[in-house]
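Below is one structure, written out as structure tokens; the observations come after it.
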Amino acid sequence: MKPSHEFKNWCLIFLAGMLIFSLTGYSLCSAGPKDQPKGYPIASDVLTTRQKTIVPAPTPSTKISLHEVSKYDQYGYGVWKDGKGIDDGKRTDIMPAGYTGASVTRKVRLLNFFTISDIHITDKESPSQLIYLQQLYYPDLLPAPFDKLGNYPWSWETSVYSPVMLYTTHVLDAAVQTVNAIHKKDPFDFGISLGDTCNSTQYNELRWYIDVLDGKVITPSSGAHAGADSIDYQKPYKAAGLDRTIPWYQAMGNHDHFLIGSIPVNESLRKSYISDTVFATGDVLLNPRNINKPDYYMGVLDGSTPYGTIIGAGPVGKFSSPPKVVSDPNRRSLLRTEWMQEFFKSSSNPVGHGFNLVDARNGFACYSFVPKSTVPVKIIVLDDTQREDDGSADIHGHGFLDKARYDWLKKELADGQAAGQLMIIAAHIPIGVEKPGSELGWWTDPQNAVSLPGLVTELQKHPNFILWVAGHRHTNVVKAFPGTAPENGFWQVETSSLRDFPQQFRTFEIYLNSDNTVSIIMTNVDPAVKEGTPAAKSRSYAVATQQIINNNVFTSNPTSDPSIKPMPTGSYNAELVKKLSPEMTLKMQKVYGTK
């Protein structure tokens, strides 16, 4: 029996399809390793700031504006050199008077972990930004070191614009590789990110952040993907990924759920994220209610230009028609719950990165965990950012706890004390380092369930509480909180931003000492960027930004707090000593056999 005409045709189509599939499959497989984007290796010499620091050169005499990036090299901006390592020694601010600990030795290392903070992964081509506000404010506020309340002038708010916006994913990748290199020599128990993963709560910003930690291919552009085949900061690359043996946890920051960390995202703003028109608004830094005034187009960075030229920015009246961009649905703004759920879509450990320990669907971003079952230390991850529905017309950068979060915190502290656990709070916003009324300080609104003095008093009721770690202010400040008795005191350590100078993360080693005190050894680490890489260029831009803005945050002390020491290079390393309560001393002696 002869095959029918239709059957012959079907066979020919099938064979042709198989041939195409085979050739395509062969092409993809053979091209994969060869054509896959390459990564950017770090320098082989991985050191901490105890061995070497980054020291910016003196600020050039020729004054230029921050956005004049093409002039940086011409006038000598962004130059730095290696400086000597720093160690500010042993600090006993919260110990009994006269204590030196001179003959004390470290007996047991309880924990070894790292913190990163304020990465501010930025979609520089997004139409929903506040870029122009930096230019608007810069000439007026530069001469003033602080305003009447002790706040930093808004010209220093590099979250709205800085050339380091071009390379935010690259710096994170270099930091991750640096963590991995340290981990090979001295393993970390865990790492924790202290918030502001995104610059403006966009989906693609969060995905880039998680994908860098997961070691995925990163395409750090959006919309038209201009310059993706020729401009270094736009080219796809392969991230290294965090060593899979290091569990990492996540805290929430204000930039993770507010527009540029400042304005709740209503439905109108939500539409602007995925629009094809550059966002127009008023001076929201002067008054957040100006968000509804279309006074200025905020601009975007042109990804087809080597220096990320600002386009589509300026007074609305100077434009004959609204400036346009290619829209991108991946720029969509995330709700708090959506932001948390995204951490379950990760290939690194643990599942959910801490949000698996709570019901992430209800947006409650507080949880606790015990890093090592054999060590009596508990980490309390606290969301102390403002609520989206608080109705405040202020910049949403304050520290805040609603009743549910404050009740939860009190229970965690009480439970940890009863269980004989040392406790560390990891939160985005620090406490007690800003003057009242500061946009970065503790919120004084009646909605806050606890005042700052009330919070400190509550913390000091629990002598097993030893340390508050935070980010938010992009500095490495250390503050002592002495108690009415030495064992009731605690320390606070801030971790600087991976985006702005000095672009560092921190390591913490917690030791039990021979006299049954605890030492917290904290060390800043510069990513070991390799010359010629995008991350190295970012360091140069971060140094240039610091030189141009000259914000003085490393040498000034707006609170006049004697426990806050100057940081001439932006780094601060020290050993912080804490006295244990009699009950905890007995427990540690039983667990570790010390006397």
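Read the sequence shown against our numbering and you will find it ends at 624, with the numbers running on by one and no gaps.
Just so it is clear, CB atoms sit at the ideal spot from N, CA and C, and this is done for glycine as well.
Alpha carbon of residue i to alpha carbon of residue j, nearest angstrom
| i | j | result |
| --- | --- | --- |
| TYR104 | GLN158 | 29 angstroms |
| SER301 | GLY445 | 45 angstroms |
| LYS607 | ALA573 | 39 angstroms |
| HIS286 | ALA280 | 12 angstroms |
| ALA173 | HIS503 | At ALA173, the pLDDT of 39 sits below 50, so the modelled position is not reliable; the number obtained from the coordinates is stated separately. C-alpha separation (whole angstroms): 20 angstroms. |
| GLU234 | GLN65 | 22 angstroms |
| LEU609 | HIS491 | 11 angstroms |
| GLU604 | SER333 | 47 angstroms |
| MET214 | PRO317 | The displayed chain sequence assigns Lys, not Met, to residue 214. Roughly 48 angstroms separates the two Cα atoms. |
| LEU271 | TYR161 | 35 angstroms |
| ALA60 | VAL75 | With a pLDDT of 31 at ALA60, under the threshold of 50, the modelled position of that residue is not reliable, and the figure given next carries that caveat. About 33 angstroms. |
| MET327 | PRO156 | 8 angstroms |
| LEU165 | GLY244 | 38 angstroms |
| ASP111 | ASN141 | 27 angstroms |
| LEU615 | LYS439 | 24 angstroms |
| PRO293 | GLU417 | 5 angstroms |
Limits of the beta strand (DSSP E) - the one that residue i falls within
| i | result |
| --- | --- |
| GLN279 | 277-279 |
| SER350 | Careful: SER350 lies outside any beta strand (DSSP E) and carries neither H nor E. |
| TRP520 | 519-523 |
| SER548 | 546-554 |
| VAL84 | 81-85 |
| MET452 | 451-456 |
| THR187 | Unbroken run through THR187: none, as it is neither H nor E. |
| LYS407 | 406-411 |
Residue i in three-state terms, based on DSSP
| i | result |
| --- | --- |
| ARG535 | strand |
| PHE287 | coil |
| LEU496 | strand |
| GLY220 | strand |
| ARG273 | coil |
| ASN321 | helix |
| LEU527 | coil |
| PHE583 | coil |
| PRO192 | helix |
| LEU314 | coil |
| PHE384 | helix |
| LEU438 | helix |
| ASP328 | The amino acid occupying residue 328 in the given sequence is Gly; Asp does not appear at that position. It is a strand residue. |
| GLY445 | helix |
| LEU605 | strand |
| ASP111 | strand |
| LEU162 | helix |
| VAL558 | coil |
Unbroken alpha helix (DSSP H) run spanning residue i, endpoints
| i | result |
| --- | --- |
| ARG236 | 232-243 |
| ALA509 | Note, ALA509: premise wrong, no alpha helix (DSSP H); beta strand (DSSP E) at 507-510. |
| MET613 | 611-621 |
| PRO515 | It is not in any alpha helix (DSSP H) - PRO515 carries neither H nor E in the DSSP assignment. |
| PRO482 | 481-489 |
| SER402 | Run containing SER402: none; DSSP gives neither H nor E here. |
| VAL200 | 197-214 |
| THR574 | 563-578 |
| ASP102 | 101-104 |
CA nearest to the CA of residue i, picked from the options
| i | options | result |
| --- | --- | --- |
| ILE408 | ARG416, GLN415, SER402, PHE398 | PHE398 |
| TYR336 | THR82, VAL98, ALA603 | VAL98 |
| ARG360 | LYS110, ILE150, THR598, ALA210 | ILE150 |
| GLY290 | LEU363, VAL387, THR334 | LEU363 |
| THR121 | LYS508, GLN532, SER525 | LYS508 |
| LEU541 | LYS81, THR82, LYS136, ASP111 | LYS136 |
| THR134 | LEU615, THR144, ILE123, LYS119 | LYS119 |
| PHE393 | VAL406, GLN370, PRO379 | GLN370 |
| GLY107 | ASN579, MET596, SER589 | ASN579 |
| SER251 | SER191, SER356, LYS245 | SER356 |
| LYS113 | PHE429, LYS81, PHE142, GLN489 | LYS81 |
| TRP109 | THR230, PRO85, ILE93, ARG299 | PRO85 |
| MET596 | ASP116, HIS382, THR144 | ASP116 |
| THR197 | GLN231, TYR238, GLN206, ASP218 | TYR238 |
Environment of residue i [buried if 16+ CB atoms lie within 10 Å]
| i | result |
| --- | --- |
| PHE373 | exposed |
| LEU315 | exposed |
| LYS566 | buried |
| PRO352 | buried |
| LYS153 | buried |
| THR274 | exposed |
| GLN532 | buried |
| ALA564 | buried |
| SER376 | exposed |
| TRP390 | The question names Trp, yet the displayed sequence has Arg at residue 390. Under this definition ARG390 is an exposed residue. |
beta-carbon residue i near the ligand ZN non-hydrogen atom, thresh 7 angstroms
| i | result |
| --- | --- |
| VAL522 | Among the components of this structure there are no ligands whatsoever, and the ligand ZN is therefore not found. |
Min CB distance residue i to chain C below 8 angstroms
| i | result |
| --- | --- |
| ASN602 | Here there is only one protein chain, and chain C is not present. |
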